[in-house]
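Undergrad: Supplied in structure tokens, the structure appears directly below.
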Amino acid sequence: MGTVPVGVGGVRVTESSSASLVVDDGERVGKKGGVGRGAPEAKTAMALKNHSEAERRRRERINSHLATLRTMVPCSDKMDKAAILAQVINHVKELKSKAVEISKGYNIPSDTDEVRVEAEANAVNSGSFYIRATLCCEDCPELFAELRQTLDTLQLKPNQGRDFYFERSSQKHTNNEV
Numbered sequence: 001m002g003t004v005p006v007g008v009g010g011v012r013v014t015e016s017s018s019a020s021l022v023v024d025d026g027e028r029v030g031k032k033g034g035v036g037r038g039a040p041e042a043k044t045a046m047a048l049k050n051h052s053e054a055e056r057r058r059r060e061r062i063n064s065h066l067a068t069l070r071t072m073v074p075c076s077d078k079m080d081k082a083a084i085l086a087q088v089i090n091h092v093k094e095l096k097s098k099a100v101e102i103s104k105g106y107n108i109p110s111d112t113d114e115v116r117v118e119a120e121a122n123a124v125n126s127g128s129f130y131i132r133a134t135l136c137c138e139d140c141p142e143l144f145a146e147l148r149q150t151l152d153t154l155q156l157k158p159n160q161g162r163d164f165y166f167e168r169s170s171q172k173h174t175n176n177e178v
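Each residue of the sequence shown is one higher than the one before, starting from 1 at the first, in full-length UniProt numbering.
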């Protein structure tokens, strides 16, 4: 494939396509038959070419992902790869801490498959009462369909979509049915 200086005194070793080495005095060192069980030189050359292509595609993917990261992180226009990765790590840590800080103000269950139900203290209408339900269910894509079906059965209707408040009039049902 090429000539590479090796050792002391400028000794050159040439790698031939049959995966053996030829020292610059013409002496062949290594396997004579190539890689595998007597594989022909063309097969070995093709394997080396495939490996080179796969490595080139891998480097292209890495560089593409680094370019994407460069656009997502502030102040990363002229950074090398290691600096970009360090900046991304710091940025993700910062975003996580902000998310934790923001979520402290909300009543969100921390464990999986947890439900909390609270009576809302500031009920505006005297004929109605408000309940706040907080749900946390992983791996339950049918949750909202089942929740909607249950609400229809209980004749409850959502009051505010952002927090999923549900309202049930006390004129139709008594408190014991809830």
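For every residue, glycine included, the Cβ atom is placed at its ideal position computed from N, Cα and C.
Taking the alpha helix (DSSP H) that MET46 belongs to, which residues open and close that run?
TA: Looking at the DSSP string, the run of the alpha helix (DSSP H) that includes MET46 is 41-72.
Undergrad: Rounded to the nearest angstrom, what separates SER97 and LYS49 at their Cα positions?
TA: So the alpha carbons of these two residues sit roughly 47 Å apart.
Undergrad: Just to confirm, is the Cβ distance from ILE84 to VAL92 under 8 Å?
TA: No, these two residues do not count as a Cβ contact at 8 Å.
Undergrad: Where does GLU94 sit, in a helix, a strand or coil, going by DSSP?
TA: The answer is helix: DSSP assigns GLU94 an H, G or I state.
Undergrad: Counting C-beta neighbours from all protein chains within 10 Å, is the total for THR71 16 or more, i.e. buried, or is it exposed?
TA: By the 10 Å Cβ count, THR71 comes out exposed.
Undergrad: Got a sec? Which residues, its chain only, sit under 7 Å from LYS81 by beta carbon, not counting five neighbours each side?
TA: Taken in chain order, the residues that qualify are LEU66.
Undergrad: In angstroms, rounded to a whole number, what distance separates the CA positions of MET79 and ARG132?
TA: Rounded to whole angstroms, MET79 to ARG132 spans 48 Å at the Cα level.
Undergrad: Locate the alpha helix (DSSP H) running through GLN149, then write down its first and last residues.
TA: First-last of the alpha helix (DSSP H) with GLN149: 143-153.
Undergrad: Would a C-beta distance cut-off of 8 Å place ARG148 and THR134 closer than the cut-off?
TA: Not in contact: ARG148 and THR134 (Cβ atoms no closer than 8 Å).
Undergrad: In whole angstroms, what separates the C-alpha of GLU118 from that of TYR130?
TA: Distance between the alpha carbons of GLU118 and TYR130: 9 Å.
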